[in-house]
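**Student:**
Protein chains in written order, with the working numbering: chain A, 1 to 306; chain B, 1001 to 1226.
#1: Between the region 213-240 of chain A and chain B, which residues of the former have CB atoms less than 9 Å from a CB of the latter, in chain order?
#2: Among B/1096, B/1139, B/1111, which has the Cα closest to the Cα of residue 1121 of chain B?
#3: Between which residues of its own chain and residue 159 of chain A is the CB-CB distance below 8 Å, once the five residues before and five after are set aside?
#4: So, with DSSP's three-state summary, where would you put residue 1018 of chain B?
#5: Could you tell me the distance, in whole angstroms, from the CA atom of residue 92 of chain A to the CA atom of residue 148 of chain A?
#6: State the DSSP-derived secondary structure class of residue 78 of chain A, mapped to helix, strand or coil.
#7: Kindly give me the distance between the Cβ atoms of residue 1217 of chain B and residue 1029 of chain B, rounded to whole angstroms, as I take these residues to be in contact under 8 Å.
#8: On a Cα-Cα basis, can you pick out the residue from A/101, A/70, A/227 that is closest to residue 203 of chain A?
#9: Any contact between the region 234-251 of chain A and the region 14-30 of chain A? By contact I mean 3 or more CB pairs, one from each, below 8 Å.
#10: Could you pull the start and end residues of the beta strand (DSSP E) that residue 1161 of chain B belongs to?
#11: Does the count of Cβ pairs from the region 165-173 of chain A and the region 133-148 of chain A closer than 8 Å reach three?
#12: State yes or no: is the beta carbon of residue 1180 of chain B nearer than 8 Å to at least one beta carbon in chain A?
#13: Leaving out five residues before and five after residue 1043 of chain B in sequence, what residues of the same chain have Cβ atoms less than 6 Å from its Cβ?
#14: Out of B/1172, B/1055, B/1027, which has the shortest C-alpha to C-alpha gap to residue 1125 of chain B?
#15: Determine whether the beta carbon atoms of residue 1183 of chain B and residue 1202 of chain B lie at a separation below 8 Å.
#16: If you draw a straight line from the alpha carbon of residue 1119 of chain B to that of residue 1185 of chain B, how long is it in whole angstroms?
#17: Can you tell me which of the three DSSP states residue 126 of chain A falls into?
#18: Look at residue 130 of chain A and residue 66 of chain A and say whether their C-beta atoms are less than 8 Å apart.
#19: Looking at C-beta atoms only, is the number of pairs between the region 97-104 of chain A and the region 182-202 of chain A that lie closer than 8 Å three or more?
#20: Which whole-angstrom value describes the C-beta separation of residue 1140 of chain B and residue 1167 of chain B, a residue pair presumed to lie in contact below a C-beta threshold of 8 Å?
#21: I'd like the span of the beta strand (DSSP E) that includes residue 1188 of chain B, first residue to last.
#22: Just to confirm before moving on: does the CB-CB distance between residue 1164 of chain B and residue 1084 of chain B stay below 8 Å?
#23: Under 8 Å between the Cβ atoms of residue 90 of chain A and residue 128 of chain A?
#24: The alpha helix (DSSP H) with residue 1060 of chain B in it runs from where to where?
#25: Between residue 284 of chain A and chain B, is any beta-carbon pair separated by less than 8 Å?
#26: Consult DSSP for residue 1200 of chain B and reduce its assignment to one of helix, strand or coil.
#27: So, is the C-beta of residue 16 of chain A closer than 8 Å to a C-beta in chain B?
#28: Which residue comes first and which comes last in the alpha helix (DSSP H) that contains residue 151 of chain A?
#29: Start and end of the alpha helix (DSSP H) containing residue 1073 of chain B?
#30: Can you tell me the Cα-Cα spacing of residue 1004 of chain B and residue 37 of chain A, whole angstroms?
#31: Mark residue 1194 of chain B as exposed unless 16 or more other C-beta atoms lie within 10 angstroms of its C-beta, in which case mark it buried.
#32: Taking Cβ-Cβ distances below 7 Å as the criterion, which residues of the region 1046-1061 of chain B are in contact with chain A?
#33: Throw me the rounded Cβ distance for the residue 12 of chain A and residue 229 of chain A pair, which I believe falls under 8 Å.
#34: Can you tell me where the alpha helix (DSSP H) with residue 1152 of chain B in it begins and where it stops?
#35: Since I believe residue 50 of chain A is in contact with residue 266 of chain A (beta carbons under 8 Å), could you give me their beta-carbon distance rounded to a whole number of angstroms?
#36: Quick one: grab the DSSP three-state call for residue 1234 of chain B.
Structural data, given as structure tokens:
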């Protein structure tokens, strides 16, 4: 009997959805708009994180080494720095590389190049470029390097450029943290609005069926037997709306893709959307089903009091 | 079968709908309840259906206090009562067949029982040809016959018809009353509320006349007398 009842509830839910044509179309369209907002928020969050990661990757600490530093000493120091938990990457640039880079940077500056030739020997020391896992960790890494320099009189560290960049890094860290928090707050705000709009639309569809609910009650239908088809219809609103929203996001992201790349986010939105369509679609589907089923369940409850 | 024991009902706005009303309805009786608007007819129907509870007194169905039923007990009880309303109250998105099948599904009847009983009961109300129509494709009289078919399909102990002819033309009114009389002749208790003098007089059975929330008359084989 349970199987028969479940079958009947699903059949009735599908019939409700199909035969309540205009009501279903309205509910689906409004849920589609709500899910588009949720999908757009997911994509915006991805863009924001990608942009912040791009900026983060441009921040580093450079450690300039004395010209007398030997290669094995440098590699030992590099290894020591890499073992720090805050460090994500250390790039070694040899004296020769530093000289080549210097010449490239000043290729239009005849005087400087001439002066360099007159010195004869390579005056530049090797350097280590250090990237932290998070910009807020540069202070700790810098302190570690300063201590290395102070504690060892024969240290090969000549200069650390952190203090010069300290203010900029601190400001950037604050901006990034604020951007993330603000982004999340905005996302939650719009998601709540989208949820409320969908919830009220479904409540309205059920309000229109309140007479039907009371009739079902009076012919002896149980609470579950009355609620079930409405919940099934709600699930269908969610599922169809998710499909529509995913399809609508295709041309939107296709158009926006090149623009997002030009903005320096490092991401083509269309490529990102296609590569992550399963996870984005999954999250939208879960949201759609959740909103549809929960709204229907709550809304029917109100009319079941008799 | 139905026993009203000194039932009073005062609504939240202090309107007194029933004032210490007592009466008994025996099995297989056909009882018409008549009275002006606000006399208390609908409140009596709502109490039998468990939609309203008495402020004082109690309403019993086979010695069970209807007002004291829990939700699941109320569902079981309602399956033993068939209801017919003035505004038909059919499910608009279901066909005639599905409307009647719904009442059977709600009672947990099997698909085989449904496919056997629905055409049979539609035959009784002469609507076999319209079983695939939706309510909006039917006339008022046809809608009311569907409502009666839905009410009787589960073979209830009692049929409650609240102004069933209120929206119908004289020919349809006659048809509906004939069907209700036939149902009663087959052994089902029928309680009818109406304003229609002709209907009550043509039935020629017990009439309870309500006035200001009280029973003014209770006549066996009575006539409409307000």
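Note that CB positions come from ideal geometry on N, CA and C, so glycine has one too.
**Tutor:** According to the structure data:
#1: From the region 213-240 of chain A, only 214, 215, 216, 217, 218, 219, 220, 221, 222, 223, 225, 226 have a Cβ closer than 9 Å to chain B.
#2: B/1096
#3: 63, 64
#4: strand
#5: 18 Å
#6: helix
#7: Not a contact, Cβ separation roughly 16 Å.
#8: For residue 203 of chain A, the nearest C-alpha among the options comes from A/227.
#9: Enough Cβ pairs lie closer than 8 Å, so yes.
#10: 1158-1162
#11: The region 165-173 of chain A, when compared against the region 133-148 of chain A, does touch it at the 8 Å Cβ threshold.
#12: no
#13: Sequence-distant partners of residue 1043 of chain B (beyond 5 residues in either direction) whose C-beta falls short of 6 Å from its own C-beta, in its chain, are 1009, 1017, 1018.
#14: Check the Cα spacing between residue 1125 of chain B and each of B/1172, B/1055, B/1027: the tightest is with B/1172.
#15: no
#16: 21 Å
#17: Here residue 126 of chain A sits in coil by DSSP.
#18: For residue 130 of chain A and residue 66 of chain A, no; Cβs fall outside 8 Å.
#19: Short answer: they don't touch.
#20: 5 Å
#21: Taken as a continuous stretch (DSSP letters only), residue 1188 of chain B belongs to no beta strand (DSSP E), as it is neither H nor E.
#22: yes
#23: yes
#24: It is not in any alpha helix (DSSP H) - residue 1060 of chain B instead sits in the beta strand (DSSP E) that spans 1056-1061.
#25: no
#26: Secondary structure at residue 1200 of chain B: helix, using DSSP grouped into helix, strand and coil.
#27: yes
#28: 138-151
#29: 1071-1078
#30: About 58 Å.
#31: Burial is judged here by how many other beta carbons sit within 10 angstroms of a residue's own beta carbon; residue 1194 of chain B has at least 16 and is buried.
#32: 1049, 1051
#33: 4 Å
#34: 1140-1152
#35: 5 Å
#36: It is not possible to answer for residue 1234 of chain B, since the shown part of chain B is limited to 1001 through 1226.
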